[in-house]
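Here the structure comes first, spelled out in structure tokens, and everything after it is commentary.
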Amino acid sequence: MKMKLCALGVAAGLMSSVALADSPYSQMYVFGDSLSDTGAFGGKATNREGPDYINGPFALISVERFATAVGVDMPMTVLMNGTNFAVGGFRSDQILASIASPVGQTHPVLGNLPSYVSSVGAADPNAIYYISGGGNDFLQQPDYDMDGSFGPGDIQIAAGQVFAGADILGDMGANYIVVPNLVALHLAPAIQFQQYSLPPAAFAQLVGQTKAGVDGFNLFLESLVSGSEHNIIMPDVNTAMVEFFSNPQAYGYALNSDQIGVTCFDTAALCPPVTGFEKTDATGAVNPNANPDFFAFNDPVHPTGKAHTLFSIGLESIFTAPDLYGSMPALALADMNDQAATLRSQMNRLRFSGEGASMMLSVTDNESDWQSDFLMNGQRKTEQVQLGYQAPVGDTMRFGFAATVNKSQIHFGPSMGSNEYTGIDNSTVDSDSFGLVASANWKTGGLYAEISPEFMFGSMSTLRDIRILGLNRIQTADTDFTSVGLSMTAGYNLFSDSNFSFGPMIDAAYRKVSINAFDENQMNANALFVGEQSWSEESGALGAFLGYSSQSWYFDARARYVELGNSGRETITMGLQTIRSNSFWLPTTERTDNMIEAEAMIGVDVGGLDIGARYRMQDFDGLPKQQSISITASMNF
Numbered sequence: 002m003k004m005k006l007c008a009l010g011v012a013a014g015l016m017s018s019v020a021l022a023d024s025p026y027s028q029m030y031v032f033g034d035s036l037s038d039t040g041a042f043g044g045k046a047t048n049r050e051g052p053d054y055i056n057g058p059f060a061l062i063s064v065e066r067f068a069t070a071v072g073v074d075m076p077m078t079v080l081m082n083g084t085n086f087a088v089g090g091f092r093s094d095q096i097l098a099s100i101a102s103p104v105g106q107t108h109p110v111l112g113n114l115p116s117y118v119s120s121v122g123a124a125d126p127n128a129i130y131y132i133s134g135g136g137n138d139f140l141q142q143p144d145y146d147m148d149g150s151f152g153p154g155d156i157q158i159a160a161g162q163v164f165a166g167a168d169i170l171g172d173m174g175a176n177y178i179v180v181p182n183l184v185a186l187h188l189a190p191a192i193q194f195q196q197y198s199l200p201p202a203a204f205a206q207l208v209g210q211t212k213a214g215v216d217g218f219n220l221f222l223e224s225l226v227s228g229s230e231h232n233i234i235m236p237d238v239n240t241a242m243v244e245f246f247s248n249p250q251a252y253g254y255a256l257n258s259d260q261i262g263v264t265c266f267d268t269a270a271l272c273p274p275v276t277g278f279e280k281t282d283a284t285g286a287v288n289p290n291a292n293p294d295f296f297a298f299n300d301p302v303h304p305t306g307k308a309h310t311l312f313s314i315g316l317e318s319i320f321t322a323p324d325l326y327g328s329m330p331a332l333a334l335a336d337m338n339d340q341a342a343t344l345r346s347q348m349n350r351l352r353f354s355g356e357g358a359s360m361m362l363s364v365t366d367n368e369s370d371w372q373s374d375f376l377m378n379g380q381r382k383t384e385q386v387q388l389g390y391q392a393p394v395g396d397t398m399r400f401g402f403a404a405t406v407n408k409s410q411i412h413f414g415p416s417m418g419s420n421e422y423t424g425i426d427n428s429t430v431d432s433d434s435f436g437l438v439a440s441a442n443w444k445t446g447g448l449y450a451e452i453s454p455e456f457m458f459g460s461m462s463t464l465r466d467i468r469i470l471g472l473n474r475i476q477t478a479d480t481d482f483t484s485v486g487l488s489m490t491a492g493y494n495l496f497s498d499s500n501f502s503f504g505p506m507i508d509a510a511y512r513k514v515s516i517n518a519f520d521e522n523q524m525n526a527n528a529l530f531v532g533e534q535s536w537s538e539e540s541g542a543l544g545a546f547l548g549y550s551s552q553s554w555y556f557d558a559r560a561r562y563v564e565l566g567n568s569g570r571e572t573i574t575m576g577l578q579t580i581r582s583n584s585f586w587l588p589t590t591e592r593t594d595n596m597i598e599a600e601a602m603i604g605v606d607v608g609g610l611d612i613g614a615r616y617r618m619q620d621f622d623g624l625p626k627q628q629s630i631s632i633t634a635s636m637n638f
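Quick note: the sequence shown uses the numbering used here, first residue 2, plus one each step.
What follows is the structure, given as structure tokens:
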């Protein structure tokens with residue numbers, strides 16, 4: 002029996018740069034109060050930018066930065082024909098009216114205001130609906146339950162009104178409804194600077210009552226959201242604020258936790274302590290040392306533009322996560338496809354030859370671009386070692402099998418929404434796997450058929466580097482996966498009685514991967530839990546092959562058009578570990594529906610050593626071409 006050792010050497014990726022895919026989201030609608038108002042009164046409740054901080058443009062607020070991060074237009078106020086219905090000073094009942102009132106509502110300063118129902122009417126299933134409120138209910142203390150005071154009953158009614166707006170939008174067909182919980186009001190200067198005027202016991206009581214009220218609001222809102230049939234995303238801005246205030250210096254601030262809540266940039270707001278970096282000096286003149294980035298608050302209740310990014314990064318962290326975690330099943334499917342292709346390329350070359358049994362060793366090093374919606378510069382790197390054996394059985398059969406050890410990584414650069422304050426700096430998925438693949442070939446005359454079962458299992462680890470001001474928060478996770486598949490090929494060689502091979506072929510394949518559920522390892526306001534993912538891939542192809550084989554050299558080429566099933570976007574279920582009762586789903590990067598694939602192998606015999614090269618090109622619809630070159634060597638012994 003003649004034995005042959007085949008070594009597949011280096012595969013080099015020749016990939017063009019991949020642009021970001023189109024956003025899965027069409028636009029953003031906003032409902033809320035001054036924390037979300039982008040200009041109902043002609044300005045915004047945050048600081049102006051320099052150089053004098055008096056006449057400069059207003060800093061961006063969280064909903065504007067979030068819109069940029071997910072590739073939609075910044076929401077302008079509805080009073081300028083935009084999509085932002087938020088108005089500074091709105092309570093929860095007014096926010097609900099801005100969504101659901103059939104006739105809008107009347108504002109004492111702005112006059113008649115439209116509602117979403119009265120001006121738009123139908124929900125956009127691809128839009129993001131952002132609803133934030135409750136702070137003004139605590140500041141204005143309306144007596145909703147008419148018991149003579151503002152208390153727990155009013156707080157529950159306020160939370161219920163915020164939820165009711167989300168529920169109505171869900172009933173209308175909204176798919177992506179964002180409802181942040183209420184910020185930690187007890188940490189704001191409006192409460193904290195009263196320590197300078199109240200006795201210690203009275204101040205402690207005020208802080209405790211405010212915190213208890215906000216906690217009650219959030220718990221009731223969470224219970225309503227968790228029981229909803231609609232897809233509601235609930236960012237934990239409360240925990241994010243508490244974490245920041247516990248150690249602002251870790252986020253790059255000079256002020257400590259005792260100072261950050263009693264200072265503000267706008268001295269007209271009368272925050273008692275003076276730092277020297279306020280907008281104006283003691284005389285009211287423009288302060289040459291003014292720096293809003295020194296502060297978390299612009300006034301007693303409103304964040305600076307810099308501090309607003311504490312909330313926008315939480316949203317960006319959630320909405321970009323499907324780019325990374327949706328890449329896990331896609332990577333597993335790609336690795337199993339490569340495993341099968343490596344064995345199949347050897348079996349193709351030997352199908353119409355008279356060669357005997359052979360051992361096959363394949364070593365692959367490959368790099369290619371990876372598509373994403375919001376994470377830039379995606380790259381996939383793969384190192385694969387495959388050891389196999391094939392042999393003819395009689396005149397019409399040839400069997401082969403191989404074991405594969407695979408190490409792959411997907412690495413993303415910064416997120417599209419990265420800015421001077423925050424961003425997802427980089428993200429990775431690392432995969433280590435072991436696979437088995439077999440091939441059974443049958444031929445008679447020019448007709449041939451092949452069937453290949455496939456199996457792979459392994460582990461994956463992930464990393465997200467979330468930059469929050471001066472803090473880089475590293476979120477890691479670990480999980481396992483399994484993949485199974487079956488591919489079939491049939492064709493007809495029109496020149497079966499010669500050294501040439503040429504003819505048509507058809508292919509079909511089915512693969513399925515299951516990624517186990519997992520939690521990110523670090524517990525904080527950004528920590529996610531991710532549900533099990535199960536992806537399948539079906540394909541059918543029509544193509545042609547051309548080859549030549551002799552004692553001194555060989556050539557094999559194939560081209561095919563592939564229709565891919567399961568195109569479009571998958572969904573991924575996840576949630577925040579700090580609000581475990583709220584799980585939601587978001588779309589992953591879009592999967593393509595067809596591609597053109599071509600490959601060619603050529604080799605020569607040099608003193609008993611076969612030297613060869615393989616070129617492979619995959620042109621996915623809507624994505625850049627992927628090209629790779631492989632060097633092969635084989636030796637008889």
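Positions of the beta carbon are idealized from the N, C-alpha and C atoms, including for glycine.
Using three-state DSSP, classify Asp622 as helix, strand or coil.
On the sequence shown, position 621 is the one that residue 622 refers to. The answer is coil: DSSP assigns Asp622 none of H, G, I, E or B.
Span separating the alpha-carbon of Phe519 from that of Leu332:
Counted from its first residue, the sequence shown places residue 519 at position 518. Counted from its first residue, the sequence shown places residue 332 at position 331. Roughly 17 Å separates the two Cα atoms.
Which residue wins for smallest C-alpha separation from Pro301, given the options Gly166, Ile319, Asp267, Ser318?
Walking along the sequence shown from the start, residue 301 turns up at place 300. Per the Cα distances, Asp267.
Start and end residues, alpha helix (DSSP H) containing Ala160
Here residue 160 is taken as the residue at index 159 of the sequence shown, counted from 1. In the DSSP assignment, Ala160 falls within the alpha helix (DSSP H) that extends over 153 to 173.
Going by C-alpha to C-alpha distance, which of Asp138, Gly401, Asn338 sits closest to Met360?
On the sequence shown, residue 360 is found 359 positions in, with the first residue counted as 1. That would be Gly401, whose Cα lies nearest to the Cα of Met360.
Delimiting residues of the beta strand (DSSP E) encompassing Asn473
For the purposes of this step, residue 473 is taken as the residue at position 472 of the sequence shown. Run containing Asn473: 472 to 493, per the beta strand (DSSP E) assignment.
When the Cα atoms are used, what is the spatial distance from Ala12 to Asp74?
Your numbering for residue 12 matches position 11 in the sequence shown. Your numbering for residue 74 matches position 73 in the sequence shown. Residue confidence is low: Ala12 scores 36 on pLDDT, short of 50, so the model does not pin down where it sits. No coordinate-derived value is stated.
Among the residues of its own chain, which have a CB less than 7 Å from the CB of Val238, if the five just before and after it don't count?
Within the sequence shown, the letter at position 237 stands for residue 238. Cβ contact annotation for Val238 (same chain, cutoff 7 Å, sequence separation greater than five): Pro181, Asn182, Val184, Phe312, Gly315, in chain order.
For His187, report the span of its beta strand (DSSP E) as first-last.
In the sequence shown, residue 187 corresponds to position 186, counting from 1. His187 -> no beta strand (DSSP E), and no H or E assigned at all.
Along the alpha helix (DSSP H) that carries Ile319, what are the first and last residues, could you check?
Position 318 of the sequence shown, counted from the start, is the residue given in the question as residue 319. Where Ile319 is concerned, the enclosing alpha helix (DSSP H) stretches over 306 to 326.
Please work out which residues of its chain come closer than 6 Å, Cβ to Cβ, to Met2, disregarding the five sequence neighbours upstream and downstream, and give them in chain order.
Position 1 of the sequence shown holds residue 2. Summary for Met2: the model assigns pLDDT 31, below 50, so the residue's position carries little reliability, and this model does not support an answer.
Cα separation between Val485 and Met337?
Position 484 of the sequence shown, counted from the start, is the residue given in the question as residue 485. Position 336 of the sequence shown, counted from the start, is the residue given in the question as residue 337. Rounded to whole angstroms, Val485 to Met337 spans 8 Å at the Cα level.
What separation, rounded to the nearest whole angstrom, lies between the Cα atoms of Asp611 and Leu487?
Residue 611 sits at position 610 when you count from the first residue of the sequence shown. Residue 487 sits at position 486 when you count from the first residue of the sequence shown. Each residue's Cα considered, the two are about 31 Å apart.
Roughly how many whole angstroms lie between the Cα atoms of Gln627 and Gln380?
Numbered from 1 along the sequence shown, position 626 holds the residue referred to as residue 627. Numbered from 1 along the sequence shown, position 379 holds the residue referred to as residue 380. Cα to Cα, the separation comes out at about 12 Å.
Three-state secondary structure assigned by DSSP to Lys280
Start at 1 with the first residue of the sequence shown, and residue 280 comes out as number 279. Residue state, collapsed to three classes: coil.
So who's on the other strand from Glu455, going by DSSP bridges?
Taking the sequence shown and counting its residues from 1, one reaches residue 455 at position 454. In DSSP, Glu455 forms a bridge with Val438, Gly486.
Could you tell me the alpha carbon to alpha carbon distance between Arg49 and Phe59, rounded to whole angstroms?
Translated into the one-based positions of the sequence shown, residue 49 becomes position 48. Translated into the one-based positions of the sequence shown, residue 59 becomes position 58. Between Arg49 and Phe59, the C-alpha separation is close to 4 Å.
Give me the Cβ distance between Ala124 and Met77, rounded to the nearest whole Å; I'm assuming they're in contact under 8 Å.
Residue mapping note: residue 124 aligns to position 123 of the sequence shown, counting from 1. Residue mapping note: residue 77 aligns to position 76 of the sequence shown, counting from 1. Not a contact, Cβ separation roughly 20 Å.
Presumed contact (8 Å Cβ cut-off) between Leu97 and Gly105, rounded CB distance
Start at 1 with the first residue of the sequence shown, and residue 97 comes out as number 96. Start at 1 with the first residue of the sequence shown, and residue 105 comes out as number 104. With a Cβ gap of about 12 Å, Leu97 and Gly105 do not count as contacting.
Of all the options Phe91, Leu470, Glu600, which has the alpha carbon lying nearest to the alpha carbon of Asp294?
For the purposes of this step, residue 294 is taken as the residue at position 293 of the sequence shown. Closest option to Asp294, Cα to Cα, is Leu470.
At which residues does the alpha helix (DSSP H) containing Leu222 begin and terminate?
For this step, residue 222 is matched to residue 221 along the sequence shown. Run containing Leu222: 201 to 227, per the alpha helix (DSSP H) assignment.
Since Asp557 sits in a beta bridge, which residues does DSSP pair it with?
The count along the sequence shown starts at 1 and reaches residue 557 at position 556. Partner(s): Gly548, Met602.
Just the Cα atoms here: how many angstroms apart are Ile467 and Ala203?
As a position in the sequence shown, residue 467 is number 466, starting the count at 1. As a position in the sequence shown, residue 203 is number 202, starting the count at 1. Near 39 Å, if we compare the C-alpha coordinates of Ala203 and Ile467.
Would you give the residue range spanned by the beta strand (DSSP E) that Ile580 belongs to?
Position 579 of the sequence shown holds residue 580. Taken as a continuous stretch (DSSP letters only), Ile580 belongs to no beta strand (DSSP E), as it is neither H nor E.
Bridge partner(s) assigned by DSSP for His231:
The residue you call residue 231 lines up with position 230 of the sequence shown. Per DSSP, none; premise fails for His231.
Please look up how many angstroms separate the CB atoms of Ala297 and Thr310, rounded, as I've assumed it's under 8 Å.
By one-based count along the sequence shown, residue 297 stands at place 296. By one-based count along the sequence shown, residue 310 stands at place 309. Incorrect: roughly 11 Å between the Cβ atoms, too far for contact.
Judging by CA-CA distance, which residue of Ser116, Glu564, Met348, Tyr616 is the nearest neighbour of Ile597?
Position 596 of the sequence shown, counted from the start, is the residue given in the question as residue 597. Selected option, being the one with the closest Cα: Glu564.
Could you check where the alpha helix (DSSP H) with Leu140 kicks off and where it finishes?
If you number the sequence shown from 1, residue 140 lands on position 139. First-last of the alpha helix (DSSP H) with Leu140: 136 to 141.
Is DSSP giving Pro103 helix, strand or coil here?
Sequence index remark: in the sequence shown, residue 103 carries index 102 (1-based). If DSSP states are grouped into helix, strand and coil, Pro103 belongs with coil.
Met618 versus Glu600 - alpha carbon distance:
Within the sequence shown, the letter at position 617 stands for residue 618. Within the sequence shown, the letter at position 599 stands for residue 600. Roughly 6 Å separates the two Cα atoms.
As a quick exercise: from Tyr130, Lys307, Glu279, Ile178, pick the residue whose alpha carbon is nearest that of Gly424.
The residue you call residue 424 lines up with position 423 of the sequence shown. If we check each option's Cα against that of Gly424, Lys307 comes out closest.
Between the alpha carbons of Ala255 and Asp216, how many angstroms are there, rounded?
By one-based count along the sequence shown, residue 255 stands at place 254. By one-based count along the sequence shown, residue 216 stands at place 215. Using only the alpha carbons, I get a separation of about 29 Å.
In its own chain, which residues sit with a C-beta less than 6 Å from the C-beta of Met235, not counting the 5 before and 5 after it?
As a working mapping, residue 235 is identified with position 234 in the sequence shown. Result list for Met235: Val180, Val226, Ile580, Asn583, in chain order.
With a 10 Å radius around its C-beta and 16 neighbouring C-beta atoms as the bar for buried, classify Ser17 as buried or exposed.
Walking along the sequence shown from the start, residue 17 turns up at place 16. Caution applies to Ser17, whose pLDDT of 35 falls short of 50 and renders its modelled position unreliable; the value that the coordinates give is listed next. Counting Cβ neighbours within 10 Å, Ser17 comes out exposed, since fewer than 16 surround it.
For Ala165, which residues of its own chain have a beta-carbon under 7 Å away from its beta-carbon, when the five flanking residues on both sides are left out?
In the sequence shown, the residue the question calls residue 165 occupies position 164. Excluding positions up to five away in sequence, the list reads Leu97.
From this set, Pro190, His303, Leu80, Leu325, which residue's C-alpha is nearest Leu587's C-alpha?
For the purposes of this step, residue 587 is identified with residue 586 of the sequence shown, where counting begins at 1. The shortest C-alpha separation from Leu587 is found at Leu325.
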